[in-house]
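This report concerns only the one structure given below.
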Amino acid sequence: MTSSIEAYVPHRGAMRLIDRVVAVDEAHAVAELDVPDDGLFVHDGAVPAWVGIEYMAQTVALWAGARAMRAGGAPAIGFLLGSRRYEAGVAAFPGGATLRVEARCEMAGDNGLGVFDCGIAMNGDIVATARLSVFEPKDGSALLEGGISA
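In our numbering, the protein residues as written are 35 to 184.
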């Protein structure tokens with residue numbers, strides 16, 4: 035398995051927020067990122083804690099991309115449908131901090147729907163948790179272009 039994050043997630047440029055693959059298997063994915071000192075979401079040298087939902091969603095994308103590759107396919111576009119109980123023990127993630135993000139698959143249906151328990155650790159302590167609901171349509175690009183219905 036390659037360890038390059040770009041091989042697994044469709045996010046590019048400033049919108050790819052996770053940096054490294056730590057682990058990925060049938061049930062979960064773990065990614066790391068270094069919180070930037072400047073950039074799209076940085077305010078006063080830190081990234082607001084609400085961005086943690088996107089860190090979690092991109093870790094789910096890592097899991098889905100690895101799953102697709104194991105099946106002989108390629109990573110596809112997916113959608114975050116919602117989050118439940120996002121709780122953050124910090125107001126922001128300080129620039130320069132290394133975060134470890136884990137997404138554990140609780141349910142993945144044949145219809146593209148999935149549910150993941152997620153957490154973010156900083157300095158070994160869990161600082162944010164949530165349950166994410168996601169959808170990976172058979173042809174996400176066509177869906178975005180309005181060519182098919184969900």
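Just so you know, even glycine gets a beta-carbon here, dropped at the ideal spot from N, CA and C.
DSSP puts residue i in a beta bridge; with which residues?
i    : result
P82  : A126
I160 : A155
M141 : V149
G116 : S167
L67  : L133
R54  : E66
E121 : T163
V77  : The sequence shown places His at residue 77, rather than the Val named in the question. A80.
Give me the residue from the options with the minimum Cα distance to residue i.
i    : options                   : result
V135 : G129, V55, H45 and V43    : V55
G153 : L74, M103 and T93         : T93
G86  : D71, E170, A162 and V58   : A162
L147 : A105, L115 and A137       : L115
E88  : G79, G143, G112 and G107  : G112
E60  : V124, A142, G158 and R165 : A142
E140 : D159, S167, V124 and R104 : S167
S117 : A57, V58, F169 and R46    : F169
F150 : A164, A83 and G158        : A164
I160 : A102, A41, F127 and G73   : F127
Could you tell me the boundaries of the beta strand (DSSP E) in which residue i lies?
i   : result
D59 : Note, D59: premise wrong, no beta strand (DSSP E); not H, not E.
What does a CB cutoff of less than 8 Å around residue i pick up in its chain, not counting 5 residues either side in sequence?
i    : result
V43  : R50, I52, Q92, A95, L96, G99 and P109
T132 : E66, L67, D68, V69 and M156
Please return the same chain residues whose Cβ sits closer than 6 Å to the Cβ of residue i, not counting the five positions on each side in sequence.
i   : result
G79 : G129
Looking only at its chain, what residues have a beta carbon closer than 7 Å to the beta carbon of residue i, apart from the 5 residues adjacent to it on each side?
i   : result
V76 : P70 and G129
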